[in-house]
Amino acid sequence: MSFFAFVGFVVTAVLMVLIFRKAGYSGMQLILCFIPGINFIVFIWFALTEWPIQRELRELKSYNVTPGDRSSA
Numbered sequence: 355m356s357f358f359a360f361v362g363f364v365v366t367a368v369l370m371v372l373i374f375r376k377a378g379y380s381g382m383q384l385i386l387c388f389i390p391g392i393n394f395i396v397f398i399w400f401a402l403t404e405w406p407i408q409r410e411l412r413e414l415k416s417y418n419v420t421p422g423d424r425s426s427a
């Protein structure tokens, strides 16, 4: 039974690393999710702060360049 718990833990950890990386954070920040008490704070921080990928998208949108506009290149 503990083997399946270990496999579940590893699969969950890998998926969480992928989510952190897609959001633009380091996968190493996942370590904070396994510290009791800190994991809840990390969850709130992750949900409420602007993700790096969102910041990058906002900055790219601020250039106001249309896809067909090649004059700025």
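Just add 354 to wherever you are in the sequence shown, counting from 1, and you've got the working numbering.
From the three backbone atoms N, C-alpha and C, an ideal C-beta is built for every residue, glycine too.
A Cβ-Cβ distance of about 5 Å is found for the pair G378 and W405, placing them in contact under the 8 Å criterion. DSSP places T366 in the uninterrupted alpha helix (DSSP H) bounded by 356 to 377. Contact between A367 and L384 holds: their C-beta atoms lie close to 7 Å from each other, under 8 Å. Under the three-state reduction of DSSP output, P390 falls in the coil class, being neither helix nor strand. In the three-state scheme derived from DSSP, where H, G and I count as helix and E and B as strand, E410 is classed as helix. Selection K415, I407, M370, E413 evaluated against N393 yields M370 as nearest (Cα-Cα).
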